[in-house]
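Data first, discussion second: the structure below is written as structure tokens.
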Amino acid sequence: MGAKRFLLGVACAAILARVESSSTFVNKTAPVVAEYPDELLFSFDADADSSLVAQLNSKAINKTTTEERFAEPISSWFGNFVRKLYSKTTDSAGLFESVFAWLVSTLHLRSWALMGRAPSDLANFLKLPKGDALFESWELSLLERYIKLLPGGRETKTSRLLDVLLEHYGSEAELVSVLITYATYNFDLKARRLLEAYISKSLDAKKSYEGVVDSFGIDAKLALALFKLTRSFLNSNNLNALLKALLKALYAKWRVAGVPSLETSKDESFFVSTELLLLEDYVNSLRSEEKTKTTLLDLVIDHFGGEDKFEQVLLSCVFSDVRLKTADALLEALLTKRQRAGNPLMKILKDENFVFSRELALLDRYVSFRPKELTKMTLLDAVIGSLDSSGGEAELAPVVFKFAPAYNKFVPARTLLLDLLRKCIADKERMEDVLALFKIKELGGGIFDHRRMTWLRKLKDIYEEESEVKNTKTLSQLLREEFAGEEGKLAIMAMKAANDVKADQLQAKTVLRDLFETEKNSPGYLERVLSQEKFAADDTAQIRTTCDSYLEGKWQVK
3 MGAKRFLLGV
13 ACAAILARVE
23 SSSTFVNKTA
33 PVVAEYPDEL
43 LFSFDADADS
53 SLVAQLNSKA
63 INKTTTEERF
73 AEPISSWFGN
83 FVRKLYSKTT
93 DSAGLFESVF
103 AWLVSTLHLR
113 SWALMGRAPS
123 DLANFLKLPK
133 GDALFESWEL
143 SLLERYIKLL
153 PGGRETKTSR
163 LLDVLLEHYG
173 SEAELVSVLI
183 TYATYNFDLK
193 ARRLLEAYIS
203 KSLDAKKSYE
213 GVVDSFGIDA
223 KLALALFKLT
233 RSFLNSNNLN
243 ALLKALLKAL
253 YAKWRVAGVP
263 SLETSKDESF
273 FVSTELLLLE
283 DYVNSLRSEE
293 KTKTTLLDLV
303 IDHFGGEDKF
313 EQVLLSCVFS
323 DVRLKTADAL
333 LEALLTKRQR
343 AGNPLMKILK
353 DENFVFSREL
363 ALLDRYVSFR
373 PKELTKMTLL
383 DAVIGSLDSS
393 GGEAELAPVV
403 FKFAPAYNKF
413 VPARTLLLDL
423 LRKCIADKER
433 MEDVLALFKI
443 KELGGGIFDH
453 RRMTWLRKLK
463 DIYEEESEVK
473 NTKTLSQLLR
483 EEFAGEEGKL
493 AIMAMKAAND
503 VKADQLQAKT
513 VLRDLFETEK
523 NSPGYLERVL
533 SQEKFAADDT
543 AQIRTTCDSY
553 LEGKWQVK
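Numbering (my numbering), first residue to last: 3 to 560.
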């Protein structure tokens, strides 16, 4: 039965081709029907037992009106049959069905070619899809097969296909958008050839590249696709040259109208996006042609909706190595811009806000971007380099030690504090010099603040671990040396801290115990230090009472 159907189909194709050759494509006297019935006029069922004649008398034909049948040429009956069969068997794995579809459709296409049918006639009949679906459709494949049957070289055939598609879309802008997008995001040489033919054809029609851009009005999304396409290794040399010239013309228009809004995420992924490369390429093109004040930083800030939002992204995201180069360059440009606008760090240097400021955080992020194998820049180096002052570490250290411990969770503050310590270690300074650098005496009783004392203890431990200059003194001894000549003041502060739940009570009591031990070994010592300046009577009385209790064994450090 299958062989009979095959031979019957071949015979039918030959007969209808003969009939078609003696008739016109459309009856000029009959009304033209723009649309064919949704239900195909001629279906093929390989499993049915009906004959081809019975198929012709199917309900699909009977549903059409007499006027429609009169207007519709005989060839379309067979064409619908071929269309139905071809679409059905294109997705079929059956060898017989595929061969049969190819043979029947080829006979039909050759009959059209012999009669000089225009490719647009076939395109109208096939109802080509639009959008990305066009290049993946069997309709376009069938149209290409037909054009290959016509005389002419490859360029002629490409031009014919382009003309048909232009007529099919009715809009250059819509077709070019599809060509650029599909060629960019698919490994499709056909779309590239059509795009090359379109640009060449437009230029042959005495259009400038700017005119070509105007004809299909490239928006940001299409411009991005065009930029990506210029970087494709599948392009011919001629297409590459045309695309780059077209992109240059687009940039010229952006210069006047401004860069359109880029439809991309406004987070860390932007730093590895093609959108950023597009903006960078645009800025480079401006620099190569004319002096311009427009920078990549300006465009990126505009994209994020302002400098504040851009900074938030820089500070909140975690960058991988591939992002560092671009992010580093942008951050450096941002810091330079802020520096020129008025040094923000100097304005808050003496302020508590300094240690948790965005400026410090930006500098810390900038340092983290620097390749460690190429530079040994620390946050301390970056901060000092940003200050309009010659004070250096001596000016910076007291501010940092005063406020940083209170913001222990703010990483840049901790980093800066440790950088200051390691700078002292590198300079082979003693631990006593470190305390002097931090000017802890100026903190008064605040030195016994629990958070500061915790940090002071941590700095001492790091110093002992990393320094070649060994320190054998306890923290209490270091504090007493720092307050040499003002031991009475230290005693009063320690006494108050020992009774303050917010202070490091244990460390305060340890300092008092050491003072009392000195009194034990050198009677009169306590009176001597308390007479260094006038203290409140209640404070001195409390210290004397506590010292007596210690000497009697009634007061202990615990």
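From the three backbone atoms N, C-alpha and C, an ideal C-beta is built for every residue, glycine too.
Q: Pick out whichever of Arg459, Ala438 and Ile494 has its Cα sitting closest to the Cα of Ala539.
A: Ile494
Q. Does the beta-carbon distance from Glu470 to Lys425 come in below 8 Å?
A. no
Q: Have a look at Asn64 and Arg119 and give me their C-alpha separation to the nearest angstrom.
A: No answer about Asn64 holds up, because its pLDDT of 40 lies below 50 and its placement is not dependable.
Q) With Leu196 and Thr158 assumed to form a contact (beta carbons below 8 Å), what rounded beta-carbon distance in angstroms separates them? A) That pair is no contact at about 14 Å.
**Q.** Where Ala384 falls: helix, strand or coil (DSSP)
**A.** helix
Q) Nearest CA to the CA of Pro262: which residue from Glu397, Val302 and Ser234? A) Val302
Q) Alpha carbon to alpha carbon, what distance is there between Ser370 and Val531? A) 49 Å
Q.
Check for me: the alpha helix (DSSP H) holding Arg257 runs from which residue to which?
A. Asn239 to Ala259
(Q) Alpha carbons only, please: which of Tyr368, Arg257, Asp206 and Ile182 is nearest the one belonging to Leu226? (A) Ile182
Q: Could you check if Asp310 is buried or exposed, using at least 16 other CB atoms within 10 Å of its CB as the buried criterion?
A: exposed
Q: Report yes or no: do the segment 121 to 136 and the segment 172 to 180 share at least 3 C-beta pairs separated by less than 8 Å?
A: yes
Q: Determine the direct distance from the alpha carbon of Glu519 to that of Lys560, and round the result to whole angstroms.
A: 16 Å
Q: Determine the DSSP secondary structure at Ala120, reduced to helix, strand or coil.
A: coil
Q | Expected contact under 8 Å - CB spacing of Ala496 and Leu439 to nearest Å | A | Actually they do not touch by this definition, with Cβ atoms about 22 Å apart.
Q: Grab me the residues of Ala175's own chain with a C-beta within less than 8 Å of its C-beta, minus the 5 sequence neighbours each way, in chain order.
A: Ser217, Phe218 and Gly219
Q. Quick one: any contact between the segment 471 to 482 and the segment 522 to 530, if contact means 3 or more CB pairs under 8 Å?
A. no
Q.
By alpha-carbon positions, which one of Trp140, Ile449, Tyr368 and Gly393 ends up nearest to Lys404?
A. Ile449
Q: Along the alpha helix (DSSP H) that carries Gln507, what are the first and last residues, could you check?
A: Gln507 to Asn523
Q) Can you tell me whether DSSP reads Asp541 as helix, strand or coil? A) helix
Q) Nearest CA to the CA of Thr380: which residue from Val413, Ser388 and Asp421? A) Asp421
Q. What is the rounded straight-line gap between the Cα of Asp51 and the Cα of Leu105?
A. Low local confidence applies: a pLDDT of 39 at Asp51 is under 50, so the model's placement there is unreliable, with the coordinate-based value given in what follows. So the two alpha carbons sit approximately 22 Å from each other.
**Q.** Gln509 versus Ala408 - alpha carbon distance
**A.** 18 Å
Q.
Taking 8 Å as the cut-off, does the segment 231 to 249 touch the segment 262 to 271 (at least 3 CB pairs, one atom from each stretch)?
A. no
Q: Check whether the Cβ atoms of Phe356 and Leu362 sit closer than 8 Å, and answer yes or no.
A: yes
Q.
Beta-carbon within less than 7 Å of Phe189's beta-carbon, same chain only, minus the 5 sequence neighbours each way: which residues are those?
A. Leu236
Q | Delimiting residues of the alpha helix (DSSP H) encompassing Pro414 | A | Val413 to Ala428
Q. DSSP on Asp451, reduced to helix/strand/coil?
A. strand
Q | Residue range of the alpha helix (DSSP H) that includes Trp140 | A | Trp140 to Leu151
**Q.** Nearest to Ile442 (by Cα), restricted to the options Glu466, Val402 and Thr417
**A.** Val402
Q. Hey, Leu249 and Phe229: beta-carbon distance below 8 Å or not?
A. yes
Q) Hey, how far is the Cα of Thr328 from the Cα of Leu419? A) 29 Å
Q) Is DSSP giving Lys498 helix, strand or coil here? A) helix
**Q.** Inter-residue Cα distance where the pair is Gly555 and Thr512
**A.** 15 Å
**Q.** Straight-line gap, Thr548 to Leu517 (C-alpha atoms, nearest Å)
**A.** 11 Å
Q: Evaluate Thr294 with the Cβ neighbour count: other Cβ atoms within 10 Å of its Cβ, from every protein chain shown; 16 or more gives buried, anything less gives exposed.
A: exposed
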